[in-house]
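In case it helps, the working numbering puts the sequence shown at residues 33 to 331.
Shown next, in structure tokens, is the structure this report addresses.
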Amino acid sequence: MVLLLAVLVVPALLMWRLWRHAGQRRQVNEGTLGFVVLTVDAERTLARWPLRARVVRTAGLGAGLVAIVLLAVMVGTRSVFLWPLALGLGYLLGVLVGELTRSRPQWAVASTSRQRPPGRVSDYIHPGLVWSLRVSALLAIAAGVTARLMSVPTTDGSAALLMSCPGGGSQLVGAGEVAEYAVFLLLLAAGGWVVSELTLLRIVRLPRAEESDDVPVDEALRSANAHASVAAASVLTLLPLGGFTLVTGLAVVGSCASSDLISTGLIGGGLAALVAGLLVAAFIPGWLRPVRRRADVRS
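Here it is, written out as structure tokens:
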């Protein structure tokens, strides 16, 4: 069991390492700007670039506060533990939408015949980070669909998972609104993934800068845009997946369907997803801050 837990935590550590290296890439991008003379268009773009996304993030935070008020009215003090989740969910959704709706660059672009060919996603973000999001989203979708198919209504109007016992028969596991939680997990994972993919598609299809001094600015902005979107979508996928899997695993432990492989796999996978989500969340603020030159190193 210890070996299985260690194996499940390894992907979280690898993801943390990739994000740490991505932070170093951000420093290089901003340091490169010190070697160029920014044009008027580049300075204008750098000034306008964070404004719209900041407004959208603030709106998402406001939506989280509204959700807290609604929870307090409908559920009362029992909802106090949901307040941080509502606030974080609203903010992350604001980050996703804000990255998708970033302002277009203000610099001149080449004519259609002179434009450089569109870049690739790997030019702006490590493919491992994008694929870790895709794999996480597929796992979350699979978990949500499986739980939805296995859930049956209970006598109190909620839902639980119907699981077979090794010795014969079956038992309801995980009393509560399992079906609703599964749908919530599906919506978050699929929605975050789709919005992030649309953002990446927009990044590679935007016209590229024509002036040589604008190119480093263009590259830095696209990279920051891609990393912020993928990070927010990853957290929106990993944390709900981890919480859902961990709670389900603990419920399985106390049932007749308990087995070392299933229970340890669910609990270990849930913990690994939670750890990975928290580690990725720690990198989001660094990618949301405005892109600036770290130093003027021109001779």
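Glycine included, each C-beta is placed from N, C-alpha and C at the ideal position.
Values in this document were obtained by computation on a predicted structure and should not be read as measured data.
- Under the DSSP definition of a beta bridge, P185 partners with A191.
- Look at the stretch 34-68 and you find these whole runs of alpha helix (DSSP H), each 4 residues long or longer: 34-64.
- Annotation for W81: the continuous alpha helix (DSSP H) segment containing it runs 72-107.
- Apart from sequence neighbours up to five positions away, the residues of its chain that approach M47 with a beta-carbon distance below 6 Å are S164, A308, ordered along the chain.
- Taking the C-beta atoms as reference points, V215 is found no nearer than 8 Å to G275.
- Look at E209 here: in three-state DSSP terms it is strand.
- When DSSP states are grouped into helix, strand and coil, A314 belongs to the coil group.
- Residue burial is scored here from C-beta neighbours: R49 has fewer than 16 other C-beta atoms within 10 angstroms and is therefore classed as exposed.
- A residue is called buried when at least 16 other Cβ atoms come within 10 angstroms of its Cβ; S183 meets this threshold and is buried.
- Between L121 and G96 the beta-carbon gap is near 6 Å, inside 8 Å, which marks them as a contact.
- One Cα belongs to L161, the other to R89, and the distance between them is close to 22 Å.
- The Cβ-Cβ distance between P239 and T64 does not fall below 8 Å.
- Between A241 and H158, the CB-CB gap reaches or exceeds 8 Å.
- With respect to the C-alpha of A74, the residue from E251, T269, A314 having the closest C-alpha is E251.
- Rounded to the nearest whole angstrom, the CA to CA distance from G130 to V101 is 24 Å.
- Pairing G224 with A260 gives a Cβ-Cβ distance that is not under 8 Å.
- If you draw a straight line from the Cα of P82 to the Cα of L217, it is about 30 Å long.
- About 5 Å separates the CB atoms of L270 and A305; that is less than 8 Å, so the two are in contact.
- The shortest CA-to-CA distance from T133 to any of V279, L278, D245, L232 is the one to L232.
- L132: member of the alpha helix (DSSP H) spanning 115-132, first to last residue.
- Judged by beta-carbon spacing, G318 lies beyond the 8 Å limit of L40, meaning their Cβ atoms are not closer than that value.
- Excluding residues up to 5 positions away in sequence, S168, A169, A172, I173, G176, L268, T269, P272, L273 lie with their Cβ nearer than 8 Å to the Cβ of A221 in the same chain.
- G274 carries a helical assignment under DSSP once its states are collapsed to helix, strand and coil.
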